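Quick note, the sequences are listed as chains A and B, same order. Just so you know, we're using the working numbering here: the first sequence kicks off at 184 and counts up by one. Just so you know, we're using the working numbering here: the second sequence kicks off at 104 and counts up by one. Where a beta carbon is used, it is the ideal one built from N, C-alpha and C, also for glycine. The structure presented is a predicted model; accordingly, all values stated were derived computationally and were not measured. The block underneath contains the structure these notes are about, expressed in structure tokens.
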Amino acid sequence: MSTSRATWPRPSPLSSGGPVRLRRWREDDLTALVEALNEAEIARWMVFPSPFTEADGREFLARQIAASGSFAVTGENDTLLGAVWVRDIGEGRGQIGYWTAARARGRGAASEALRQLVDRAIELGYARLQLLVEPANAASARVAENAGFRREGVMRGWMELRGSRPDLIMYGLLPGDVSE
Amino acid sequence: MTQGDFPRPERPLSDGVVALRAWREEDVPAVVRICQDPEIARFTRVPSPYTEEDARGFMERHEEEELGFAIVDADDHDEVIGSIGLRDDGEGRGELGYLVAAQARGRGVASRAVRLLAEWAVTEAGRARVQLYTRVDNPASQRAAEKAGLRREGVLRAYMLLKGERHDAVIFGMTSEDLA
């Protein structure tokens, strides 16, 4: 039962020492958000405007505050560590996404945040959760695998990202993957 | 006028053996007869039992929500031997669904129809990718997809919801590169 909940590796403690939490986005996340999304690794993998301006940030926050499945990931002192979200794509399926601020990488925060999102999504009744990762984005694939997602295939030319249509790895997670 | 965001093809879709044509009012009894088949009920969303009203609703959706066709013999456009539809999946993707009448199986009807419509979607309707899902325990449909030139890309667990039950789905894709 390597995938059972009890045997999930716990993240090593964050150097900030604080717990990882999911909470709703707030308008006063703007400064930390703009800082996080102007960082190079985010621009490399995500599709946010670059540079990401305060106006972009306000628009982003307005959308996330209105969305039911979108959460800010925070650490000690409510520091912004990243984002996780789940979007209903019909028939009991949820499409998941995440990004992690530079300061929070490599310490298990993203995996922990994703596990918490998975728990909430399963409680909400999703029968399948899925996410797509670019094959070159090994860090993101590790986050998915640490949270219990299983690699299911390579979707060729799935969508346009930054001017081309890369192949994307499909990861799936079913409620049974993470329960006893 | 578009159908499910696809224009009607400007040329007849035929490979000399099968042809795809628009639905006709007089096809209703044939659709009802074809869809009584328990194999179709098992592997598709087709309701069971299947009524004349179901057939009219199906043909209407094929006109309004997707680009749908009756599959017929190339030299006899009257007798319906199956159906195929292409719907827009966003982000430059088209999604195919099809069924073949029991008496017309085993002679490549499905693979020919899939090839005709997939190739049209990629080369003439500007889609970067066409895909289809089959139940994992439907090898006949998987053979048809592969014979049509789509490639097997993975098994998406619990992806399909058919008549209240979830099934693993094999996903097949074709991109413009496959046709280059």
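Separation of residue j from residue i, as counted between CA atoms
| i | j | result |
| --- | --- | --- |
| Ala284/A | Asp140/B | 55 Å |
| Pro194/A | Met263/B | With a pLDDT of only 45 at Pro194/A, under the threshold of 50, the placement of this residue in the model should not be trusted, and no figure is reported. |
| Met338/A | Ile352/A | 6 Å |
| Met277/B | Pro349/A | 14 Å |
| His180/B | Arg124/B | 8 Å |
| Gly284/B | Ala226/A | This structure gives no information on residue 284/B, because the portion of chain B shown stretches from 104 to 283. |
| Pro358/A | Glu182/B | 46 Å |
| Arg206/A | Val301/A | 14 Å |
| Glu295/A | Gln206/B | 54 Å |
| Cys341/B | Ile184/B | Chain B is shown only over 104 to 283; residue 341/B falls outside these bounds and no answer can be derived. |
| Arg334/A | Asp271/A | 20 Å |
| Glu317/A | Leu259/B | 17 Å |
| Gly331/A | Arg148/B | 30 Å |
| Leu265/B | Asp157/B | 16 Å |
| Glu155/B | Leu220/B | 27 Å |
| Asp240/B | Val175/B | 27 Å |
| Val212/B | Val269/A | 40 Å |
| Ala245/A | Pro232/A | 16 Å |
| Arg196/B | Ala228/B | 11 Å |
| Gly277/A | Leu307/A | 10 Å |
| Arg171/B | Val233/B | A small correction: the amino acid at residue 171/B is Gly; Arg does not occupy that position in the sequence shown. So the alpha carbons of these two residues sit roughly 15 Å apart. |
| Gly275/A | Leu356/A | 12 Å |
| Val135/B | Tyr153/B | 6 Å |
| Ala215/A | Gly273/A | 33 Å |
| Ala287/A | Ser251/A | 24 Å |
| Leu344/A | Arg325/A | 21 Å |
| Gly346/A | Ala133/B | 46 Å |
| Glu169/B | Leu235/B | 14 Å |
| Tyr309/A | Gly188/B | 28 Å |
Extent of the continuous alpha helix (DSSP H) run through residue i
| i | result |
| --- | --- |
| Gln418/A | Outside the displayed span of chain A (184 to 363) sits residue 418/A, for which this structure offers no information. |
| Ala173/B | Counting along the chain, Ala173/B falls outside any alpha helix (DSSP H), though it belongs to the beta strand (DSSP E) covering Leu170 to Asp176. |
| Ala205/B | Ala205/B -> no alpha helix (DSSP H), and no H or E assigned at all. |
| Leu213/A | Leu213 to Leu220 |
| Val273/B | Note, Val273/B: premise wrong, no alpha helix (DSSP H); beta strand (DSSP E) at Glu268 to Thr278. |
| Trp285/B | What is shown of chain B runs 104 to 283, which leaves residue 285/B out entirely. |
| Trp223/B | Val212 to Thr226 |
| Ala330/A | Premise fails: Ala330/A is in no alpha helix (DSSP H) and is neither H nor E. |
| Arg209/A | That residue, Arg209/A, is in no alpha helix (DSSP H); it is neither H nor E in DSSP. |
| Gln299/A | Ala292 to Glu306 |
| Met162/B | Glu155 to Glu167 |
| Arg145/B | Pro141 to Phe146 |
Own chain partners of residue i with C-beta closer than 7 Å, once the 5 adjacent residues on each side are dropped
| i | result |
| --- | --- |
| Val120/B | Ala177 and Arg215 |
| Ser199/A | With a pLDDT of only 44 at Ser199/A, under the threshold of 50, the placement of this residue in the model should not be trusted, and no figure is reported. |
| Leu282/B | Glu222, Val225 and Thr226 |
| Ala144/B | Ser151 |
Own chain partners of residue i with C-beta closer than 6 Å, once the 5 adjacent residues on each side are dropped
| i | result |
| --- | --- |
| Pro242/B | none |
| Glu340/A | According to the sequence provided, residue 340/A is Gly. The question's Glu does not apply to it. Excluding residues within five positions, the ones whose Cβ falls inside 6 Å are Arg348. |
| Pro115/B | none |
| Thr237/B | Ser244, Gln245 and Val273 |
| Gln247/A | Trp208 and Ser253 |
| Asn320/A | Trp228 |
| Glu222/A | Ala285 |
| Phe146/B | Arg238 and Asn241 |
| Arg204/A | Thr257 |
heavy atom of the ligand GTP below 7 Å from residue i C-beta
| i | result |
| --- | --- |
| Asp176/B | The ligand GTP is not among the ligands present in this structure, which contains no ligands whatsoever. |
Rounded distance between the beta-carbons of residue j and residue i, thought under 8 Å
| i | j | result |
| --- | --- | --- |
| Ile274/B | Glu249/B | Actually they do not touch by this definition, with Cβ atoms about 12 Å apart. |
| Leu213/A | Phe235/A | Going by Cβ atoms, the distance from Leu213/A to Phe235/A rounds to 11 Å, so no, they are not a contact pair. |
| Arg218/B | Ala224/B | The pair is not a contact, with the Cβ atoms about 11 Å apart (cut-off 8 Å). |
| Pro194/B | Met229/A | Note that residue 194/B corresponds to Glu in the displayed sequence, not to Pro. Not quite, the Cβ-Cβ distance comes to about 16 Å (not below 8 Å), so this is no contact. |
| Val267/A | Leu297/A | 6 Å |
| Gly265/A | Ala293/A | 6 Å |
| Ser186/B | Leu199/B | At roughly 11 Å, the Cβ-Cβ gap does not stay under 8 Å, so Ser186/B and Leu199/B are not in contact. |
| Leu314/A | Ala327/A | 6 Å |
| Val131/B | Arg159/B | 6 Å |
Opening and closing residue of the beta strand (DSSP E) in which residue i lies
| i | result |
| --- | --- |
| Arg190/B | Asp179 to Asp191 |
| Trp364/A | In this structure chain A extends from 184 to 363, so residue 364/A is not present and cannot be described. |
| Gln313/A | Arg311 to Val316 |
| Leu253/B | It is not in any beta strand (DSSP E) - Leu253/B carries neither H nor E in the DSSP assignment. |
| Arg204/A | Arg204 to Arg206 |
| Ala255/A | Ser253 to Thr257 |
| Arg232/B | Arg232 to Arg238 |
| Met229/A | Here Met229/A belongs to no beta strand (DSSP E), and DSSP marks it neither H nor E. |
Same chain, Cβ closer than 8 Å to residue i, neighbours up to 5 away in sequence not counted
| i | result |
| --- | --- |
| Ala261/B | Arg269, His270 and Asp271 |
| Gly336/A | Ile352 and Met353 |
| Glu237/A | Leu213 and Val217 |
| Arg254/B | Phe275, Gly276, Met277 and Asp281 |
Practice task
Check distances from the C-beta atoms of the region 313–341 of chain A to those of chain B and list, in chain order, the residues that come in under 8 Å.
Solution key: Gln313, Arg333, Glu335, Gly336, Val337, Met338, Arg339, Gly340 and Trp341
Problem - Interface residues of the region 223–251 of chain B facing chain A [CB-CB below 7 Å] - result: Ala231 and Arg232
Practice task
Taking only beta carbons into account, state which residues of the region 268–280 of chain B come closer than 8 Å to chain A, listed in chain order.
Solution key: So the close ones are Arg269, Ile274, Gly276, Thr278, Ser279 and Glu280.
Handout entry: Near-chain A residues of the region 253–266 of chain B (beta-carbon distance less than 9 Å), N- to C-terminal order
Key = Arg254, Arg255, Glu256, Gly257, Val258, Leu259, Arg260, Ala261, Tyr262, Met263 and Leu264
Exercise for the section: Taking a Cβ distance cut-off of 8 Å, strictly less, list which residues of the region 164–198 of chain B are near chain A, in chain order. Expected result: Glu194, Gly195 and Arg196
Handout entry: Residues of the region 294–310 of chain A with Cβ closer than 7 Å to any Cβ of chain B, in chain order
Key = The residues in question are Ala310.
Handout entry: Where the region 270–291 of chain A meets chain B: residues whose CB sits under 8 Å from a CB there
Key = Glu274, Gly275 and Arg276
Exercise for the section: Check each residue of the region 342–360 of chain A: if its Cβ is closer than 7 Å to any Cβ of chain B, include it; give the result in chain order. Expected result: Met342, Glu343, Arg348, Met353, Gly355 and Leu357
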